[in-house]
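Numbering (our numbering), first residue to last: 633 to 841.
No residue lacks a Cβ here, since even glycine has one placed at the ideal position from N, Cα and C.
This structure is a prediction, so every number in the text was calculated from the model and none was measured.
Following: one structure in structure tokens, then a few remarks.
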Ligand SMILES: C[S@@+](CC[C@H](N)C(=O)[O-])C[C@H]1O[C@@H](n2cnc3c(N)ncnc32)[C@H](O)[C@@H]1O
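Have a look at this one:
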């Protein structure tokens, strides 16, 4: 079932605010798991020609719907693939994600987070939601990301099921990415040269984090 209009409105709020700022620079947005385009449709009307908007959808049926729905838009690029295989020379100011972490193993979740981070601009925002019934963090890495970078949390009851919307501001993402690129064997605390490893304790320690 697609997200409700309430969740969609709240999920894109920060992006739309930036896009509506008259004096702004070009903005680049990455959407993960757009489904039928519930979030996408709210972002598109605010884009300018020099903005960038990539959406990555794995499901063939949804991909075809998206292609049909948004065929008249020249800025949106829809990529039909698994996000983990998505490569881009571009870095993004906003990553808005609907990827269902609840249903995937924590190792894969961690890979997805690392991949997301590698695509972030230094002051990027990552916006995503978790269904309240499945609110536990299966991945310690994700939990720690939220602990370190969460700027805003909001419960959206008017959604089926209710969802918790999380906004992370990835300050100094560049430093973080570099450290994630080379994870060695963890010491007894799970920290390697100041880097966090999955299965370690719950800290990411990197250049002051
Ligand atoms: C819960 S739906 C959300 C759809 C829409 N964003 C919404 O909120 O209504 C999750 C979407 O993520 C897509 N998805 C799941 N795993 C993916 C992956 N590894 N790469 C890209 N898309 C994925 C699914 O096909 C589905 O469209």
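Do residue 729 and residue 679 have their C-beta atoms within less than 8 Å of each other? The residue given as residue 729 occupies position 97 in the chain shown. The residue given as residue 679 occupies position 47 in the chain shown. In this structure, residue 679 does not lie closer than 8 Å to residue 729 by Cβ.
task: With DSSP as the reference, label residue 679 as helix, strand or coil.
output: One-based indexing of the chain shown puts residue 679 at position 47. Coil at residue 679, not helix or strand.
Next item on the list: Taking residue 803 as the reference, give the member of 777, 764 and 698 with the closest Cα.
Entry: Reading the chain shown from its first residue, position 171 is the one you call residue 803. The shortest C-alpha separation from residue 803 is found at 777.
Roughly how many whole angstroms lie between the Cα atoms of residue 659 and residue 795? Stepping through the chain shown from its first residue, residue 659 is reached at position 27. Stepping through the chain shown from its first residue, residue 795 is reached at position 163. So the two alpha carbons sit approximately 27 Å from each other.
With distance defined between alpha-carbon atoms, name the residue in 792, 772 and 763 nearest to residue 785.
Taking the chain shown and counting its residues from 1, one reaches residue 785 at position 153. The candidate whose alpha carbon is nearest that of residue 785 is 763.
Query raised in the report: Is the region 700–710 touching the region 635–645, taking contact as three or more C-beta pairs under 8 Å?
Result: no
Residue from 750, 714 and 668 with nearest C-alpha to residue 727 = Within the chain shown, residue 727 is the residue found at index 95, counting from 1. Closest option to residue 727, Cα to Cα, is 750.
- Task: Could you tell me how far apart the beta carbons of residue 667 and residue 694 are, in whole angstroms, since I believe they sit closer than 8 Å?
- Result: For this step, residue 667 is matched to residue 35 along the chain shown. For this step, residue 694 is matched to residue 62 along the chain shown. Going by Cβ atoms, the distance from residue 667 to residue 694 rounds to 5 Å, so yes, they are a contact pair.
(request) Would you mind giving the Cβ-Cβ distance between residue 671 and residue 644, rounded to the nearest angstrom? I have them listed as a contact below 8 Å. (result) As a working note, residue 671 is residue 39 in the chain shown. As a working note, residue 644 is residue 12 in the chain shown. That pair is a contact at about 6 Å.
Original post:
Which parts of the region 661–720 are runs of the alpha helix (DSSP H), unbroken and 4 residues or longer, counting only runs that do not cross its ends?
Top reply: 672–675 and 692–701
Is it the case that the Cβ atoms of residue 781 and residue 800 are separated by a distance below 8 Å? As a first step, residue 781 must be located in the chain shown, where it is residue number 149. As a first step, residue 800 must be located in the chain shown, where it is residue number 168. Yes, the Cβ-Cβ distance between residue 781 and residue 800 is below 8 Å.
Return yes when at least one heavy atom of ligand 1 lies under 7 Å from the C-beta of residue 676, else no. Mapped onto the chain shown, residue 676 falls at position 44. Because no heavy atom of ligand 1 lies under 7 Å away, the Cβ of residue 676 does not count as near it: no.
### Assumed close pair residue 661, residue 724 - CB separation to whole angstroms, cut-off 8 Å
Within the chain shown, the letter at position 29 stands for residue 661. Within the chain shown, the letter at position 92 stands for residue 724. With 8 Å as the limit, residue 661 and residue 724 qualify as a contact, their Cβ atoms being about 6 Å apart.
Next item on the list: Going by CA-CA distance only, name the one from 648, 647 and 739 that's closest to residue 773.
Entry: In the chain shown, the residue the question calls residue 773 occupies position 141. Of the listed residues, the one whose Cα sits closest to residue 773 is 739.
- Helix, strand or coil: which one does DSSP assign to residue 788? Position 156 of the chain shown, counting from 1, holds the residue named residue 788. Here residue 788 sits in strand by DSSP.
- request: For residue 652, collect the residues of the same chain with a Cβ closer than 7 Å to its Cβ; drop the 5 residues on either side in sequence, then sort them by chain order.
  value: Translated into the one-based positions of the chain shown, residue 652 becomes position 20. Answer for residue 652: 678, listed in chain order.
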